[in-house]
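Structure record follows, encoded as structure tokens.
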Amino acid sequence: MIAVLDASTARVRSLLERGPTGAGAGFDARHLVDHLWQAYGDEAYWAVWEIIIGTRASEALHERVVEHRRNTVRSVVHPWIEQFVPSDRGRPDAIALFEFMLIAIRGLSLERFLHDDAAYFERHLGLLAEMIDARLSGLVDGCGRAAPLDPGANED
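If you want it as structure tokens, here you go:
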């Protein structure tokens with residue numbers, strides 16, 4: 004089981020490394036949501052949830068699996084997020100927002116059991132991107148740096 008989780012971690016790391024970066028001319032929430040959908044909305048990621056749910060009967064094994072996933076988020080996802088918001092000031096809000104994005108994407112992925120219409124998923128991913136854009140654009144400037152919380156404040 005842990006080998007499956009390790010393989011999933013490697014896959015997510017690879018997809019994130021090939022995805023959008025914090026460097027460059029601006030932030031594109033839709034591109035980011037679509038990219039995360041490739042990593043976390045894909046049917047291949049279902050195996051992770053099946054393992055998490057399937058290990059609940061064994062408290063020790065379940066805790067090991069859950070800790071593995073927490074470590075993946077801390078070691079793979081958080082550093083990737085930091086390139087978008089490198090300032091310590093905006094990072095906690097950015098991490099919370101990214102975690103919300105992952106929660107929404109993972110939940111939407113489960114809808115594949117009920118829906119097979121691509122337009123259904125596109126519509127919901129678009130709504131998520133709109134919400135993320137409104138919140139995250141307040142945290143990053145056009146270069147992916149943390150925006151000042153006070154527009155009149157000067158940052159070092």
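Note that the working numbering has the sequence shown beginning at 4, numbered continuously upward.
No residue lacks a Cβ here, since even glycine has one placed at the ideal position from N, Cα and C.
Spatial neighbours of residue i in its chain, beta-carbon cut-off 6 Å, leaving aside the 5 residues before and after
i: L19; result: W83
i: D153; result: Note that D153 scores a pLDDT of 38, beneath 50, so its modelled location is shaky; the value from the coordinates is reported in the next line. Counting only Cβ-Cβ distances below 6 Å, and skipping sequence neighbours, we find nothing.
i: R126; result: none
i: T58; result: L64, H65 and V68
i: Y123; result: none
Buried versus exposed call for residue i [16 or more other C-beta atoms within 10 Å across all chains shown]
i: L130; result: exposed
i: A116; result: Residue identity check: residue 116 is Phe in the sequence provided, not Ala. Exposed is the call here.
i: L128; result: buried
i: I54; result: buried
i: L100; result: buried
i: I108; result: buried
i: L35; result: buried
i: S11; result: buried
i: D7; result: Here residue 7 turns out to be Val, not Asp, going by the sequence shown. With fewer than 16 Cβ atoms within 10 Å of its Cβ, V7 is classed as exposed.
i: A121; result: exposed
i: E62; result: exposed
Option nearest residue i by Cα separation, candidates the options
i: A194; options: N74, V76, L111 and L142; result: Missing from the structure shown is residue 194; the chain here goes from 4 to 159 and no further.
i: D9; options: G22, V51 and F101; result: V51
i: R16; options: H81, H65, M4 and E70; result: H81
i: M76; options: D91, G110 and F103; result: Just to set this straight, residue 76 is Val in the shown sequence, not Met. Checked all of D91, G110 and F103; the closest Cα to V76 is F103.
i: L105; options: S61, I56 and R73; result: R73
Cut-off 7 Å between Cβ atoms - residues of its own chain near residue i, not counting five sequence neighbours on either side
i: A32; result: A132, I135, D136 and L139
i: G22; result: H38
i: A13; result: none
i: G44; result: I108, L111 and S112
i: I5; result: H71
task = Run through the segment 60–106 for me and flag every whole alpha helix (DSSP H) of 4 or more residues, listed as ranges in chain order.
result = 62–75 and 81–85
ask   = Given 8 Å as the limit, is there contact between the segment 37–50 and the segment 134–141, that is, 3 or more CB pairs closer than that?
value = no
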